[in-house]
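**Student:**
Protein chains: 4
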Amino acid sequence: MIFKFNPTNRYMTLKDFKTTKERRDFLEKELRVRLENISKAHVDDEKTIHCENLIGSTTLPLGVAGPITVKNEELRVKSYFIPLATTEGALVASVSRGCKAINLSGGVTSFVENVGVTRGPVFETSGLRESIELKKWLDDNFNLLKVEAEKTSSHLKLKKIGTRIAGTYVYIRFYFDTDQAMGMNMVTIATDSINRLIESKTKIKCLSVSGNFCVDKKPAWLNFLSGRGKKVWADIILKKEIVKEVLKTTPEKFFDIWLAKCMVGSAIAGSLGFNAHFANIVAAFFAATGQDLAHVVEGSMGITTSKVLKNGDLYVSIYIPAVMIGTVGGGTKLKTKQEALSIIGAKNSLELVEVLGGAVLAGEISLLASLAEGTLACAHKKLGR
Amino acid sequence: MIFKFNPTNRYMTLKDFKTTKERRDFLEKELRVRLENISKAHVDDEKTIHCENLIGSTTLPLGVAGPITVKNEELRVKSYFIPLATTEGALVASVSRGCKAINLSGGVTSFVENVGVTRGPVFETSGLRESIELKKWLDDNFNLLKVEAEKTSSHLKLKKIGTRIAGTYVYIRFYFDTDQAMGMNMVTIATDSINRLIESKTKIKCLSVSGNFCVDKKPAWLNFLSGRGKKVWADIILKKEIVKEVLKTTPEKFFDIWLAKCMVGSAIAGSLGFNAHFANIVAAFFAATGQDLAHVVEGSMGITTSKVLKNGDLYVSIYIPAVMIGTVGGGTKLKTKQEALSIIGAKNSLELVEVLGGAVLAGEISLLASLAEGTLACAHKKLGR
Amino acid sequence: MIFKFNPTNRYMTLKDFKTTKERRDFLEKELRVRLENISKAHVDDEKTIHCENLIGSTTLPLGVAGPITVKNEELRVKSYFIPLATTEGALVASVSRGCKAINLSGGVTSFVENVGVTRGPVFETSGLRESIELKKWLDDNFNLLKVEAEKTSSHLKLKKIGTRIAGTYVYIRFYFDTDQAMGMNMVTIATDSINRLIESKTKIKCLSVSGNFCVDKKPAWLNFLSGRGKKVWADIILKKEIVKEVLKTTPEKFFDIWLAKCMVGSAIAGSLGFNAHFANIVAAFFAATGQDLAHVVEGSMGITTSKVLKNGDLYVSIYIPAVMIGTVGGGTKLKTKQEALSIIGAKNSLELVEVLGGAVLAGEISLLASLAEGTLACAHKKLGR
Amino acid sequence: MIFKFNPTNRYMTLKDFKTTKERRDFLEKELRVRLENISKAHVDDEKTIHCENLIGSTTLPLGVAGPITVKNEELRVKSYFIPLATTEGALVASVSRGCKAINLSGGVTSFVENVGVTRGPVFETSGLRESIELKKWLDDNFNLLKVEAEKTSSHLKLKKIGTRIAGTYVYIRFYFDTDQAMGMNMVTIATDSINRLIESKTKIKCLSVSGNFCVDKKPAWLNFLSGRGKKVWADIILKKEIVKEVLKTTPEKFFDIWLAKCMVGSAIAGSLGFNAHFANIVAAFFAATGQDLAHVVEGSMGITTSKVLKNGDLYVSIYIPAVMIGTVGGGTKLKTKQEALSIIGAKNSLELVEVLGGAVLAGEISLLASLAEGTLACAHKKLGR
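Chains as they are written, first to last, in my numbering: chain A, 1 to 385; chain B, 386 to 770; chain C, 771 to 1155; chain D, 1156 to 1540.
1. With DSSP as the reference, identify every bridge partner of ARG889(C), one or two as the case may be.
2. Can you name, in chain order, every residue of its own chain whose Cβ lies under 7 Å from the Cβ of LYS785(C), other than the five neighbours on each side?
3. How would you list, in chain order, the residues of chain A whose beta-carbon sits under 7 Å from the beta-carbon of TRP1376(D)?
4. Consider the Cβ of SER1087(C): report whether some Cβ of chain E lies at a distance smaller than 8 Å.
5. In whole angstroms, what is the alpha-carbon distance linking GLY1467(D) and LYS695(B)?
6. In chain B, what lies closer than 8 Å to ALA1422(D) by C-beta?
7. For a cutoff of 8 Å on Cβ pairs, would you count GLY655(B) as touching chain D?
8. Compare the Cα-Cα distances from THR402(B) to each of ARG32(A), VAL64(A), LYS47(A) and report the closest residue.
9. THR289(A) and THR332(A): beta carbons closer than 8 Å?
10. Please state whether DSSP places GLU458(B) in a helix, a strand or coil.
11. In angstroms with no decimal places, state the Cα-to-Cα distance between ALA1532(D) and GLU533(B).
12. Are the region 704 to 712 of chain B and the region 630 to 647 of chain B touching by the rule of at least three beta carbon pairs closer than 8 Å?
13. Taking only beta-carbon positions, decide if GLY211(A) is within less than 8 Å of chain B.
14. Kindly list, in the order they appear in chain B, the residues whose Cβ is closer than 7 Å to that of ALA65(A).
15. Given a limit of 7 Å on CB to CB distance, which residues of the region 533 to 553 of chain B reach chain C?
16. For MET686(B), which option in LYS624(B), TYR700(B), ASN665(B), ASN528(B) has the closest C-alpha, if you only look at C-alpha atoms?
17. When you compare only the Cα positions, how much space is there between ASP179(A) and LEU356(A)?
18. For LYS1107(C), which residues in chain B fall below 9 Å Cβ to Cβ?
19. Would ILE1027(C) pass as a contact of LEU1131(C) if the rule is Cβ separation under 8 Å?
20. Restricting to Cα atoms, I'd like to know which of PRO121(A), ARG76(A), SER342(A) is closest to CYS214(A).
21. Enumerated in chain order, which unbroken segments of the beta strand (DSSP E) with a length of 3 residues or greater are wholly contained in the region 1424 to 1454 of chain D?
22. Please list the terminal residues of the continuous beta strand (DSSP E) segment that includes GLY868(C).
23. Hey, quick one: how far does the beta strand (DSSP E) through LYS625(B) stretch, first residue to last?
24. Could you tell me if ARG461(B) is buried or exposed, where buried requires 16 or more neighbouring beta carbons within 10 angstroms of its beta carbon?
25. Give me the residue from LYS1202(D), VAL1471(D), GLY1500(D) with the minimum Cα distance to PHE1410(D).
26. Just checking: is the beta-carbon of SER1189(D) within a distance shorter than 8 Å of some beta-carbon in chain C?
27. Within its chain, find whatever has a CB closer than 6 Å to the CB of GLY1513(D); leave out the 5 residues flanking it on each side and keep chain order.
28. May I have a chain-ordered list of the alpha helix (DSSP H) segments no shorter than 4 residues that lie completely inside the region 199 to 234 of chain A?
29. Taking all protein chains shown into account, decide if THR20(A) is buried (16 or more other Cβ within 10 angstroms of its Cβ) or exposed.
30. With a threshold of 8 Å between beta-carbons, can ILE132(A) be considered close to chain D, or not?
31. For VAL1002(C), which residues of its own chain have a beta-carbon under 6 Å away from its beta-carbon, when the five flanking residues on both sides are left out?
32. So with Cβ pairs under 8 Å, would you call TRP1003(C) a contact of chain B?
33. Just the C-alpha distance for LYS239(A) and LEU1505(D), rounded to the nearest angstrom, thanks.
34. Given VAL572(B), which residues of its chain have a CB within under 6 Å of its CB, disregarding the five upstream and five downstream residues?
35. Could you please give the first and the last residue of the uninterrupted alpha helix (DSSP H) stretch that includes LEU523(B)?
36. Is the region 473 to 485 of chain B touching the region 545 to 562 of chain B in the sense that three or more CB pairs, one from each, lie closer than 8 Å?
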């Protein structure tokens, strides 16, 4: 069907409707469609929603994996249920199976480092000499920048800066502690404020508040190597009996699959994800808890390691260098997200990342075991007789 | 709060509840939380849902951008509204602004290439000689594999294979046409079937049905360079007057920001995304239309180009090499997703990708213009007087 | 010392000298330096040398590793001495040690695939529609292009083409068989000729005969994933006794070091070289045999694999996806290079690559073993008491 | 020809000869080859040579480009001739042409940052908790490590350390100031000494003195993003008249080629070299001045930028993040290298890198201009009638 109306008028029209219902009614009539479920699922107060041209809400099934026992850096031991929003069959069951193996082995150890949320503006100078001078000025005036940044929000602290120069371009990476929020918005505001100060003091122009040196929502080695938001590691030693009983494979087979897939396979594919499926768990966890879904990109990078210990047990670990997450702000305000967060019961964003780390490890363990099982089955059926 | 219960028992418990309500009731009582909105938002029939340990549904605000006028390869011109599920303020408005500029310039041109959905198992041989032989066998027996694969589904066709060898490891990338579905499930089943045939014929063992040579849900150069699912390109020539009126900047400033950010900035950050924010639009579009959210990872890679033409107009294009999308199967079955798909009104998955291409281009145009505007404002306030 | 002369005049001066001796005399006088060894080492007839402003020759020590026993795809078994030009102490000895371990284990198996030397020009169109049309035209007219290319040299064949589009840019990768030569020059001439034909037929302008889609002398995933020049693989099963006696370590320790360094270490460093030191052997072999030293870049990429077999023996393999090498043309014409090539005695460039593959494997085996030894020593000294 | 001798004996034989001449004689007789030029070109005293199984020397033609006028950070202005060892016709002439354009525009500005030469060992712990503890111990005991390292050489200083953790693996990157030497050897010795101290104090085992976290002689994003050895930048504003007269093109055409090739082309090829041909100049400069040729790999990475200024002039810059170079030690001791270094006349390694930066910029300018010219010619011949 080709619309006969003038599309530029149409744009004005939709924007001009005042209520969600009016927009929905218009679309239903205009396009001859029914939008009743989008309406029905709309449980939030619109004042709390930051989404223009709103017509209602979309839904995702919410399952719960776990519980998972997590020990953190301070040796606190807690059990958590893990809400996961997904339409991929077997994902919740798979994470739950991983949790079971983990719990039977005493629980996952999870560590978090608060790298800081980053914004990376680009300035333009007249050439290298000025670029080098700007870099020096920035190093010399860190405290000035810090004070300026922290005027913009009481929840934000400037942690450090990193600078790279390419000719007339100076890229500056500001790392901020954003308290309990993921914080991209406050970070952008603070960076904008810093940029103006720099411009005012140095007379060097800021080209763009983001020069892709953030690097926001793009797979990038800078995030992998230097981290962004939070880094998380988690590990576990799985008893060989548990590998056999719960995961239906052996430590040796698990290790072989891991090596062939997560290491050599990732290398030969030019991958930044040396893991089995971090993104699956990160996406489902983010969707459940109100995180920005485009940050799944950062969360897909990282490394799973594995080792058969001398006593035959299986060591497995995960490392995600760039987790962009918060317990306040953004999508976390939505009612269903608040409820999911209450299921987890993390007291702050660091604890939330600890749980995520555990959940991702559980997911890796279960999928890699499944792949090993599958091979078994496969080999058995075809070659075994 | 540290749970006193035995977590391994708990795992059994949750799984053993028979209904969504029972699970919810248990969690509410056990954790002393309220899950009423997760319940209220649950509009789907559970039989259609593939999510274990289901407790209800989570929600995301749904806005509508556009309409956008799209011309495809066959010169068909259509206008589409673009449903976007997001909690990022300004995203829908920004895409809409991009659509307006596009429409006023005659509409976006969008091209799609069906690369094929891929699965990349890994086989293990006794060494290079056998690895090379396996590669030759695969090349010689493509039709055999094709017949075997296509037995598993009438919706699936094996398009081609690519093989890479590293010592005893042989990685095989199967490219499938999956009709209107994103198709990872059917592709996995077909690959498993092919693998068994290969094992049976060659006596070489399949280590894993996925050897990260797919590359599924990980940022990877193999996907960037060879494509996965669909490739999409979109472009537009924006009249300089429209750039000024709608986008509040100039073609020259737009180009400068693009160059500093998407090109040099991405290079100096080791990014696989040479773009402004593909992932934002891809994530919101995927969440609205029921795609697998972990595939946002693939959709975040790609290149935006820009050029000031001799007559002063602005050329902008986008290229995403790996779009994993479908109009049937997976999350598209959910009621709210069906409604969103009905708003778009695409007849098939290729058309859906054409619309996505246009939406991403609109998003790039608007954000890059905003960054240029911002700089203007910034420069004006601080340096202009 | 700051020159007082006008540098722009000086440029003219040096170029205008007619003989190597005159240039040397001038520099000796002007800069008050002695260049006698550069003169003494100059053994070639200048007519065969392609180097402007020639003042003589520089030298590199030449050692000989091996012999190494190599079995190729056709099961031919031969032994080769390996000339290596290097100033890195221990490199020749290390490769020799690797050769010894290899020979005692029955010799290396080496496979070569002639991918083809590539040139990647970039064309500029008016937009996507024309870009797509150009791609189709290229696919439809491959034979036309092939005929045109092969007019330029009887030693050259066009094997295939690959095309990528980003907006107005169309990148075309031509793969050529260049017979016994590395062949970049003939490939550039052929590509230029093809480009003119394309321009003439399609009226689309070639922007540059190289659009970095070659990718010449730069580390790039395109070369890693698709190959360039020749791909080479080599492997060996080292008896555990030989690992102990010749390499002073155990298969298990060797494997552990390989995993920690070549796999996880390379991953965590964002490396395209999943190996221990390919570049060392490639550089020394290239310098000895007259290859273009800038092509060491391509040769540094690739993967070493390792495995402890069930019987306790050690499997090791190497894979280099982009070897740019020849036995005729370029630097191979120099007298000292001819002599080094005569030491190897390879009948053609494929055989030369087979030997290189073996040499690289020998180098990997020896260095990884040394690292394992070192650790032993290290651990022994410090922790052993 | 297939050797009849026992290759394992042969290995022993070659090693056991005592003199270069004896080895050469043996090979000449055994292989029926003539090695007179390898002998003739052998000008060095063997005591200064670190190359086992030495049979003589190989040669490379040495040309001289320039002079080039270089201004450094301290505003010192000097002119340098640039010795380049190469067999690629046109390279020296091309760099010379670039130098001419640079000199006529007032000389290149060249900046160097001494990042430090790096070694990256890997330690193995029992798990994450111990890994995190080791990282903290390292941070707390930097001065202890520094003192230990600096005991091993008076020419070496430990500048900083960087640590990354993946499960049981702890990668530590030590950055050393190595004075005038490239310094890999002294850095390895110092690292080995530090490693033993760490093992002794923490009882954690060093797996390998190099864990590919150095990253030595491999293309890697860690080197690109964090630098290795020296970083160098160089830039110039070329008057538009000079672009026309000397480079036979226009600033606009130059810019277009640069954008299509070094930016979009590099992006679409997954390249770590966003430049035209850094590796050519780096390889020729390294071969002339006695650097380790495998370090051409590091020197091939980096970014060329370009811009048409408002007055129509052309700005061009280069940035190489990882230059591994020295003026003493290694191959610099060879007589022909000493003579080449005397032609340059750099007082220290920083100055040598400044000259290299200028030479690379000259090479980029000339090649990019040639590509623009070529297109002109091409377009003219085929489309102009």
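Ideal Cβ placement from N, Cα and C applies to all residues, glycine included. Just so you know, these numbers come straight off a predicted model, no measurement behind them.
**Tutor:** From the atom records:
1. PHE944(C)
2. ASN823
3. TRP221, LEU225
4. In summary, chain E is missing from the structure at hand, where the protein chains are A, B, C and D.
5. 16 Å
6. MET648, SER651, ALA652, PHE659, ILE688
7. yes
8. At residue 402(B) the sequence reads Phe, which differs from the Thr that was named. Closest by alpha carbon: VAL64(A).
9. yes
10. coil
11. Here the model assigns ALA1532(D) a pLDDT of 46, short of 50, so the residue's position is not dependable and the matter cannot be decided.
12. no
13. yes
14. ASN438
15. ILE550, ALA551, GLY552, THR553
16. ASN665(B)
17. 18 Å
18. Chain B residues near LYS1107(C): none, gap ~30 Å exceeds 9 Å.
19. no
20. PRO121(A)
21. none
22. Unbroken run through GLY868(C) is the alpha helix (DSSP H), 861 to 874; no beta strand (DSSP E).
23. From DSSP, LYS625(B) is part of no beta strand (DSSP E) but of the alpha helix (DSSP H) over 625 to 630.
24. exposed
25. VAL1471(D)
26. Per the sequence presented here, residue 1189(D) reads as Arg, with Ser not at that position. Judged by the 8 Å Cβ criterion, ARG1189(D) is in contact with chain C.
27. ILE1223, VAL1225, VAL1263, SER1265, ALA1389
28. 221 to 226
29. buried
30. yes
31. VAL882, ILE1090, VAL1093, VAL1123, GLY1127
32. yes
33. 55 Å
34. VAL502, ARG504, PHE561
35. 513 to 525
36. no
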